[in-house]
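K.L.:
In my numbering, the protein residues as written are 1096 to 1190. Glycine is no exception: its CB is placed at the ideal position from the N, C-alpha and C atoms. Quick one: structure below, then a few questions.
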């Protein structure tokens, strides 16, 4: 009985720790990526890889989802007037 309870609790914690990945081919606002999963380190790296300055932790920037096991992203642009979350299954875009 105790083993079953412990196994169930561990499974719940393991499930909650798994983050989702972006959908390959779609564009995402930085703030949307953060809602999808733990993307801050990848956002930082993608901005750095393009030689850009990180503004507001990249939350208002636009990224392209390359995909793969880790949900690889590439920086597209800073959204000067804001970034729009176009909803599930649609690419986000800059104003």
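Any beta carbon of chain D sitting closer than 8 Å to that of residue 1148?
P.N.:
Reference to chain D is not applicable here, since this structure consists of a single protein chain.
K.L.:
Within a Cβ cutoff of 8 Å, which residues of the same chain sit near residue 1171, ignoring the five residues on either side of it in sequence?
P.N.:
Cβ within range, chain order: 1122, 1156, 1157, 1158 and 1159.
K.L.:
My understanding is that residue 1078 touches residue 1154, with C-beta atoms under 8 Å, so please give their C-beta distance in whole angstroms.
P.N.:
The structure shown does not extend to residue 1078, since the chain spans only 1096 to 1190, so no value can be given for it.
K.L.:
When you measure from the CB of residue 1164 to every non-hydrogen atom of the ligand GDP, does any distance come out below 7 Å?
P.N.:
Absent from the structure shown: the ligand GDP. Ligands present: none.
K.L.:
What is the residue span of the beta strand (DSSP E) that residue 1162 lies within?
P.N.:
Residues 1156-1162.
K.L.:
Please classify residue 1187: does DSSP put it in a helix, a strand, or coil?
P.N.:
The answer is coil: DSSP assigns residue 1187 none of H, G, I, E or B.
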